[in-house]
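Novice: For what it's worth, the numbering used here labels the leading residue of the sequence shown as 1, then goes sequentially. Dropping a structure here in structure tokens format, bear with me for questions.
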Amino acid sequence: WVAPAPAPGATQDGQQPAADAYYDAFYRYAIYYGEEAARQYYGAWSPPPGSKNPYANGGAGAAGAPAAGSPPSGQASSAPAPSSSDVQDSSVRAGVSNLPAWMTNKDSK
């Protein structure tokens, strides 16, 4: 017989975790999936409705994370992407595939 694993956050003497034990996980989950989905997933372990999410940055995205569609820090967004005719292949292995030989061997069947 094997004893079941204790619930996350439970103490050794079998006590239940604190009421706010899952708030951090809830807030992180809500950033990605939305508050409604987080409330469905965490149920009674959710913080009270209307609680401020400490990871929210103006209501969208995690603190420190760039907004969707914005370039990573350090890169300019004003430069247009080069056209395919302006791109030059820098590979020194022209005509050689990166695939394994068995995938590119055209003679074997």
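Each residue gets a CB set at the ideal place from its N, CA and C atoms; glycine is no exception. Predicted model, so just to flag it, every value in this text is computed and none were measured.
Determine the direct distance from the alpha carbon of Asn57 to that of Gly50, and round the result to whole angstroms.
Specialist: Distance between the alpha carbons of Gly50 and Asn57 is about 16 angstroms.
Novice: Alpha carbon to alpha carbon, how far is Trp102 from Tyr33? Give it in angstroms, no decimals.
Specialist: Those two C-alpha atoms are separated by around 42 angstroms.
Novice: Give the range of the alpha helix (DSSP H) segment to which Trp45 is assigned.
Specialist: Unbroken run through Trp45: none, as it is neither H nor E.
Novice: What residue range is occupied by the uninterrupted alpha helix (DSSP H) comprising Tyr33?
Specialist: Per DSSP, Tyr33 belongs to the alpha helix (DSSP H) from 23 to 33.
Novice: If you draw a straight line from the alpha carbon of Glu35 to that of Gln16, how long is it in whole angstroms?
Specialist: Roughly 24 angstroms between the two C-alpha positions.
Novice: Give the secondary structure of Ala19 by DSSP, where H, G and I count as helix, E and B as strand, and everything else as coil.
Specialist: In the structure shown, Ala19 sits in coil (DSSP, three-state: anything other than H, G, I, E or B).
Novice: Rounded to a whole number of angstroms, what is the C-alpha to C-alpha distance between Tyr27 and Gly43?
Specialist: Rounded to the nearest angstrom, the two C-alpha atoms are 13 angstroms apart.
Novice: Between the alpha carbons of Asp20 and Ser46, how many angstroms are there, rounded?
Specialist: Cα to Cα, the separation comes out at about 8 angstroms.
Novice: For Tyr22, which residues in the same chain have their Cβ closer than 7 angstroms to its Cβ, ignoring the five residues on either side in sequence?
Specialist: Closer than 7 angstroms at the Cβ level, and outside the excluded window around Tyr22, lie Tyr42, Trp45.
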